[in-house]
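Novice: Numbered according to our numbering, the sequence shown spans residues 900 to 1223. Note that CB positions come from ideal geometry on N, CA and C, so glycine has one too. Please read these numbers as outputs of a predicted model, since none were measured by experiment. One structure, pasted below without further comment.
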Amino acid sequence: MRIFKWANAWIVLSAGLLLFGCATSEDVRILDDEIRRFQFQLNLVRKEEDALKKDLSTFQKDQKGIERDVSTLRTDLNNEMKKLQADLLLRIENLQSEIRILSTGIEEYKEFLKRPSKETDRVKESMEVRLRILEERGKAFEEKNKAQEDQAKSLEEKIKRMEDYLKGLDGKIDKVISKQMEVEKSPPTKEVPADVKGVSTGIGDLYKDAYETFQKGNLEAARRKFEAFLKQYPNTELSDNAQFWVGETYYLKKDFEKAILEYEKAISKYPEGDKIPAALFKQALAFLELGDKTNARILLKRVIERYPHSEQAEMAKKRLEGIK
């Protein structure tokens, strides 16, 4: 600011000298150079002044932010101090409580020591006996617990083996059912006879409709259609097949007891039918599902002995090997 005022005074003085005609042209040129130099310095001073003002504004903002941070820090410190004080008071109270309990125990122990030595020995012996009993019970409990853990592990392993076996069994059963369905899809000449005594050729269409319903997975509807077929045509060449598929609908619904009864009808009512090996084999599987291994073995052996060249005989041999 001082430089600015001094420059203004110099300009005014120079102008005065010029007006009064006391200066030469050379003086005028020098004066112009001085004026330009002082104006340049004046601009620098103004820029420095502006920069100082910006720095001052920034400093003031930073100062406010620092003041806010200091205030927040003080608040946090106060809260933390309060928490520490509360925690310290709680610990002091707990310590005082423990001291009171300990003092009470010491007083009781002093009273105990004042008792006759015989009573003290008796109490000690009683405590030792109780401790030995507790130790023995603890050991017995640990041994029992270990035995139970070993038993549980053994049971888990058996369950896992059984699950693996059942998974393999389900796969085999699915293959058997698929093969049976393939056989039914490409039936021999017996499946739809051209002429049946006392029965019209429409029997083939009725049976085919029931079987196609079974193939679609509509087990309830298929059962009703096969039962209607049997009611209308109880003694045809297709009747044993229809009776077998009634049993299959119950088997696939996991109603194994009813499935066994329906397979038995296919065996007893149609002793000359070609579904007997399949019915005996499926009866064995149903008994296995019910947990009756004895009857399952009997039926599987019957399939092997009576129908040794059937497809079911080979499957029965494999199933017998898996039954323990």
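Can you tell me whether DSSP reads Pro1207 as helix, strand or coil?
Specialist: Correct three-state label for Pro1207: coil.
Novice: Using alpha carbons as the reference points, say which of Ile1222, Ala1178 and Phe1180 lies closest to Gly1190.
Specialist: The shortest C-alpha separation from Gly1190 is found at Ile1222.
Novice: Let me know the secondary structure DSSP gives Glu1126 once reduced to three states.
Specialist: It is helical.
Novice: State the DSSP-derived secondary structure class of Ile1222, mapped to helix, strand or coil.
Specialist: Reduced to three states, the DSSP call for Ile1222 is coil.
Novice: Check whether the region 1147-1166 touches the region 1178-1186, taking contact to mean three or more Cβ pairs, one atom from each stretch, closer than 8 Å.
Specialist: Yes, they touch.
Novice: Considering only the beta carbon of each residue, do Gln1131 and Lys1168 sit closer than 9 Å?
Specialist: No; because the gap between Cβ atoms is not below 9 Å, this pair is not in contact.
Novice: Give the DSSP-derived three-state secondary structure of Asp1108 in the structure shown.
Specialist: In the structure shown, Asp1108 sits in a helix (DSSP, three-state: H, G or I).
Novice: Please confirm whether Phe1128 and Phe1113 have their CB atoms less than 9 Å apart.
Specialist: No.
Novice: Spatial neighbours of Ala1120 within its chain, please: CB distance less than 8 Å, with the 5 preceding and 5 following residues excluded, ordered by chain position.
Specialist: Excluding sequence neighbours, Ala1120 sits near Thr1112.
Novice: Could you check which residue in Asn1140, Glu1213 and Glu925 has the C-alpha nearest to that of Arg1122?
Specialist: Answer by Cα proximity: Asn1140.
Novice: Which whole-angstrom value is the C-beta distance of Ala1178 and Ile1166, which I expect to be below 8 Å?
Specialist: Confirmed, about 5 Å.
Novice: Give every residue of the same chain whose Cβ lies closer than 7 Å to the Cβ of Lys1164, excluding the five residues on either side of it in the sequence, and list them in chain order.
Specialist: Hits under 7 Å: Gln1142.
Novice: Could one say the Cβ of Glu925 lies closer than 9 Å to chain B's Cβ atoms, at least one of them?
Specialist: Here chain B cannot be found, since the structure has a single protein chain.
Novice: In or out: Met1214 buried (at least 16 other Cβ within 10 Å) or exposed?
Specialist: Buried.
Novice: According to DSSP, is Glu1171 helix, strand or coil?
Specialist: Coil, per DSSP.
Novice: Report all residues from its chain with a CB closer than 6 Å to the CB of Phe1155; omit the five preceding and five following residues, and keep chain order.
Specialist: So the qualifying residues of the chain are Ala1185, Glu1188 and Leu1189.
Novice: Measure the alpha-carbon distance for Asn978 versus Leu989 and round it to whole angstroms.
Specialist: Their backbone Cα atoms lie some 17 Å apart in a straight line.
Novice: Since Leu1137 contacts Ile1175 with CB under 8 Å, what's their CB separation in whole angstroms?
Specialist: With 8 Å as the limit, Leu1137 and Ile1175 do not qualify as a contact, their Cβ atoms being about 15 Å apart.
Novice: Near Lys1200, what residues of its chain come up, given a Cβ to Cβ distance below 8 Å and the 5 sequence neighbours on each side ignored?
Specialist: Excluding sequence neighbours, Lys1200 sits near Ala1215 and Leu1219.
Novice: With a threshold of 8 Å on Cβ separation, who are the neighbours of Leu1212 within its own chain once the five nearest residues in sequence on each side are excluded?
Specialist: One point to set straight first is that residue 1212 is Ala, not Leu, in the sequence displayed. Hits under 8 Å: Pro1176, Val1202, Ile1203 and Tyr1206.
Novice: DSSP state of Glu1136, grouped into three classes?
Specialist: Glu1136 falls in the coil class under three-state DSSP.
Novice: Applying the criterion that 16 or more other CB atoms from any shown protein chain within 10 Å of the CB defines a buried residue, is Ala1158 buried or exposed?
Specialist: The residue in question, Ala1158, is buried, as its Cβ has 16 or more Cβ neighbours within 10 Å.
Novice: Give the secondary structure of Asn1117 by DSSP, where H, G and I count as helix, E and B as strand, and everything else as coil.
Specialist: Coil.
Novice: Give a yes or no on whether the C-beta atoms belonging to Tyr1162 and Lys1181 are separated by under 9 Å.
Specialist: Yes, Cβ-Cβ distance for Tyr1162 and Lys1181 is below 9 Å.
Novice: Are Ala1195 and Trp1144 touching if we call contact CB-CB under 9 Å?
Specialist: No, these two residues do not count as a Cβ contact at 9 Å.
Novice: Enumerate in chain order the residues of its own chain whose CB-to-CB distance from Glu1042 is below 7 Å, with the five nearest sequence positions on each side excluded.
Specialist: Counting only Cβ-Cβ distances below 7 Å, and skipping sequence neighbours, we find nothing.
Novice: Let me know the secondary structure DSSP gives Gly1146 once reduced to three states.
Specialist: Residue state, collapsed to three classes: helix.
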